[in-house]
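K.L.:
All you need for our numbering is the position in the sequence shown, starting with 1, plus 12.
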Amino acid sequence: MVKALYFHIPFCSYKCPYCDFVSVVEPVVEPKEYMCLLLKELELYKDLSIKPKTLYFGGGTPSLIKPEVYEAFFEKLSGLLDTSFLEELTIECNPENYSLEDFRKLKEIGFNRVSIGVQSLREEGLKALGRLHSVEDSIRAIELAHKAGFENINIDLIYGYQGQSLKDLKGELKAPRTLPISHVSFYLLTPYEDTQFGLLYQKGLLDLPDGDTVADMYEFICESLESMGFMQYEVSNFALPGYECKHNMVYWSHEEYLGIGVSAWSFIGRVRFGNTKNLRLYAEKVSRSEKPVEYEERLEGKDLLYDYLFTALRTTRGVEREVLSELPQGLEEFFVEEGQRLILNRKGMLLINEVLWKLREAILLRT
Numbered sequence: 013m014v015k016a017l018y019f020h021i022p023f024c025s026y027k028c029p030y031c032d033f034v035s036v037v038e039p040v041v042e043p044k045e046y047m048c049l050l051l052k053e054l055e056l057y058k059d060l061s062i063k064p065k066t067l068y069f070g071g072g073t074p075s076l077i078k079p080e081v082y083e084a085f086f087e088k089l090s091g092l093l094d095t096s097f098l099e100e101l102t103i104e105c106n107p108e109n110y111s112l113e114d115f116r117k118l119k120e121i122g123f124n125r126v127s128i129g130v131q132s133l134r135e136e137g138l139k140a141l142g143r144l145h146s147v148e149d150s151i152r153a154i155e156l157a158h159k160a161g162f163e164n165i166n167i168d169l170i171y172g173y174q175g176q177s178l179k180d181l182k183g184e185l186k187a188p189r190t191l192p193i194s195h196v197s198f199y200l201l202t203p204y205e206d207t208q209f210g211l212l213y214q215k216g217l218l219d220l221p222d223g224d225t226v227a228d229m230y231e232f233i234c235e236s237l238e239s240m241g242f243m244q245y246e247v248s249n250f251a252l253p254g255y256e257c258k259h260n261m262v263y264w265s266h267e268e269y270l271g272i273g274v275s276a277w278s279f280i281g282r283v284r285f286g287n288t289k290n291l292r293l294y295a296e297k298v299s300r301s302e303k304p305v306e307y308e309e310r311l312e313g314k315d316l317l318y319d320y321l322f323t324a325l326r327t328t329r330g331v332e333r334e335v336l337s338e339l340p341q342g343l344e345e346f347f348v349e350e351g352q353r354l355i356l357n358r359k360g361m362l363l364i365n366e367v368l369w370k371l372r373e374a375i376l377l378r379t
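#1: State whether the segment 368-375 contacts the segment 332-343, with contact taken as three or more CB pairs (one from each stretch) at a distance under 8 Å.
#2: Note down the Cα distance separating Asn357 from Asp222, rounded to an integer number of angstroms.
#3: Suppose only complete runs of 4+ residues qualify. What are the alpha helix (DSSP H) ranges in the segment 187-267, listed by chain order?
#4: Could you give the distance in angstroms between the alpha-carbon of Cys28 and the alpha-carbon of Tyr173?
#5: Determine the burial state of Phe19: buried for a count of at least 16 other Cβ atoms within 10 Å of its Cβ, exposed for fewer.
#6: Please list the terminal residues of the continuous alpha helix (DSSP H) segment that includes Val298.
#7: Go through its chain and collect everything with a Cβ distance to Val298's Cβ below 7 Å, but skip five positions before and after it.
#8: Measure the beta-carbon distance from Leu133 to Ile170 and round it to whole angstroms, keeping in mind my assumption that it falls under 8 Å.
#9: Spatial neighbours of Leu317 within its chain, please: C-beta separation below 7 Å, excluding the five flanking residues on both sides.
#10: Return the CA-CA distance between Gly183 and Met229, expressed in angstroms with no decimal places.
#11: Note down, in chain order, each residue of its chain lying with its Cβ closer than 6 Å to the Cβ of Gly161, except the 5 sequence neighbours on either side.
#12: Considering only the alpha carbon of each residue, which of Gly210, Pro192, Lys78 lies closest to Asp32?
#13: Are the segment 147-160 and the segment 106-122 in contact at 8 Å, needing three or more beta carbon pairs?
#14: Report the residue ranges of all beta strand (DSSP E) runs contained in full by the segment 266-352; include only those spanning at least 3 residues, in chain order.
#15: By the three-class DSSP mapping on this structure, what secondary structure does Leu98 have?
#16: Strictly by DSSP, which residues pair up with Phe33?
#17: Looking at chain C, is there any beta carbon in it that lies within less than 7 Å of the beta carbon of Thr327?
#18: Do the CB positions of Val34 and Pro43 come within less than 7 Å of each other?
#19: Where does Gly273 land, buried or exposed, given buried means 16+ other C-beta within 10 angstroms?
#20: Is the distance from the Cβ of Glu275 to the Cβ of Asn287 below 7 Å?
#21: In terms of residue numbering, what span does the alpha helix (DSSP H) encompassing Ser150 cover?
#22: So what does DSSP say about Ser127, is it helix, strand or coil?
#23: Taking the alpha carbon of Phe97 as the reference point, which residue from Lys179, Lys78, Lys65 has its own alpha carbon closest?
#24: With DSSP as the reference, label Ile170 as helix, strand or coil.
#25: Whole angstroms is fine: what's the gap from Ile77's alpha carbon to Glu55's?
#26: Can you tell me which of Ser177, Ala187, Asn164 puts its alpha carbon nearest to the alpha carbon of Glu148?
#27: Using only CA atoms, which one of Ser61, Gly72, Ile364 lies nearest to Asp94?
#28: Can you tell me whether Glu238 is buried or exposed, with buried defined as 16 or more other CB within 10 angstroms of its CB?
#29: Classify Asp180: buried if its beta carbon has 16 or more other beta carbons within 10 angstroms, exposed otherwise.
Laid out in structure tokens, this is it:
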């Protein structure tokens, strides 16, 4: 049964230099038309058992779509699927997009969680990350969302960017103590290949903090947020008790979810599939009542095991001991054993990509 629905909103007012998500600044499809296409694509999956407990609007910049458009969208959505099981409705927002009235309207529509793309609580950090909003914009957006009645507010932050020191990070992390937030997602900057930062990094023009500094930063982030009551439950995610992101927990628990929209990914019946990244092609296919799927893989055996480990090991629940009855040599130092579960320790969390790669090699070598 599909427990989570993701809707990708690709529109952006500008392209961030670190972002590798599919986004468009000059769209070939108007936002209102695109929202109709989302509903039309969803209809193509009417044969599935879809009783979502979470909806998530990510991007891109979903907050470029006015609340009135979402209101019309939800009126039609309720006629397409059973929404009586919904527990969490999230929308991603840029700090500069929504007013108090907009946030109130979102609350009336049914959204009960907002994720605000703060990225840095230092002006120098925002400049280094190529963001156009200010720290004041971020604080104002958080306070407006809270004033509108949102209790479940996440902020996205990035660390390990050019010019950032551990001292800078320590100063930045004083701010969350005074903000009305319930969740923090803190991501290490990764210079992905097809991004502006990726190109600069390949040319040696992006001077990022070294590995030891990044490790010290991660340690400080975990300890500092924990001292504020934010408990780590995933590699990059921290929440006050009861405010863990239910939508993402569906992903990390290896449960079924459906992604709707350009470039959206799904996992249903042991099949992982993704939509085309081309907005024009997406619109053409959906308009012809064709599923816009471009990639599909049925996971069996070793591939299914690795896929499970790839998601489950990101969390502080880890995996059942029987799943990894024998750890490959050299990986013991990255794990702790709690009861019948194996969980990555902090060092393992920081180096999760390397750990997963070694696990994959070991799994593929199994007879």
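Ideal placement from N, C-alpha and C gives every residue a C-beta, glycine not left out. The model shown is predicted, which means the values in this text are computed figures rather than measured ones.
P.N.:
Checking against the coordinates, here is how it stands:
#1: yes
#2: Sequence index remark: in the sequence shown, residue 357 carries index 345 (1-based). Sequence index remark: in the sequence shown, residue 222 carries index 210 (1-based). Whole-angstrom Cα-Cα distance: 21 Å.
#3: 208-214, 223-239, 258-264
#4: Taking the sequence shown and counting its residues from 1, one reaches residue 28 at position 16. Taking the sequence shown and counting its residues from 1, one reaches residue 173 at position 161. Cα to Cα, the separation comes out at about 13 Å.
#5: The sequence position of residue 19 within the sequence shown is 7, counting from 1. Buried: at least 16 other Cβ atoms inside 10 Å.
#6: Walking along the sequence shown from the start, residue 298 turns up at place 286. Val298: member of the alpha helix (DSSP H) spanning 291-299, first to last residue.
#7: To locate residue 298, count along the sequence shown from 1; it is residue 286. So the list reads Leu49, Lys52, Glu53, Pro304, once near-sequence residues are dropped.
#8: Here residue 133 refers to the residue found at position 121 of the sequence shown. Here residue 170 refers to the residue found at position 158 of the sequence shown. Contact doesn't hold; Cβ gap of about 11 Å is too wide.
#9: In the sequence shown, residue 317 corresponds to position 305, counting from 1. Ile375, listed in sequence order.
#10: If you number the sequence shown from 1, residue 183 lands on position 171. If you number the sequence shown from 1, residue 229 lands on position 217. Each residue's Cα considered, the two are about 12 Å apart.
#11: On the sequence shown, residue 161 is found 149 positions in, with the first residue counted as 1. Contacts found: Lys119.
#12: Numbered from its first residue, the sequence shown carries residue 32 at position 20. If we check each option's Cα against that of Asp32, Gly210 comes out closest.
#13: yes
#14: 269-272, 277-280, 283-287, 305-310, 347-350
#15: Working through the sequence shown from its first residue, we reach residue 98 at position 86. Leu98: coil per DSSP, three-state reduction.
#16: Your numbering for residue 33 matches position 21 in the sequence shown. Paired residues: none, contrary to the question.
#17: Here there is only one protein chain, and chain C is not present.
#18: Position 22 of the sequence shown, counted from the first residue, corresponds to residue 34. Position 31 of the sequence shown, counted from the first residue, corresponds to residue 43. No, they are not a contact pair.
#19: To locate residue 273, count along the sequence shown from 1; it is residue 261. It is buried - the Cβ of Gly273 has at least 16 other Cβ atoms within 10 Å.
#20: As a first step, residue 275 is located in the sequence shown; it is residue number 263 there, counting from the start. As a first step, residue 287 is located in the sequence shown; it is residue number 275 there, counting from the start. Note on identity: in this sequence residue 275 is Ser, with Glu being the wrong assignment. For Ser275 and Asn287, yes; Cβs fall inside 7 Å.
#21: In the sequence shown, residue 150 corresponds to position 138, counting from 1. Membership of Ser150 in the alpha helix (DSSP H) is indicated by the continuous run 147-159.
#22: Residue 127 sits at position 115 when you count from the first residue of the sequence shown. In this structure, Ser127 counts as strand in the three-state DSSP scheme.
#23: By 1-based counting over the sequence shown, the position of residue 97 is 85. The candidate whose alpha carbon is nearest that of Phe97 is Lys65.
#24: For the purposes of this step, residue 170 is taken as residue 158 along the sequence shown, with counting starting at 1. In this structure, Ile170 counts as strand in the three-state DSSP scheme.
#25: For the purposes of this step, residue 77 is taken as residue 65 along the sequence shown, with counting starting at 1. For the purposes of this step, residue 55 is taken as residue 43 along the sequence shown, with counting starting at 1. Approximately 22 Å, taken between the alpha carbons.
#26: Counting from 1 along the sequence shown, the entry for residue 148 is found at position 136. Checked all of Ser177, Ala187, Asn164; the closest Cα to Glu148 is Ala187.
#27: Sequence index remark: in the sequence shown, residue 94 carries index 82 (1-based). Checked all of Ser61, Gly72, Ile364; the closest Cα to Asp94 is Ser61.
#28: Taking the first residue of the sequence shown as position 1, residue 238 is located at position 226. Label assigned to Glu238: exposed.
#29: As a working mapping, residue 180 is identified with position 168 in the sequence shown. Per the 10 Å Cβ criterion, buried.
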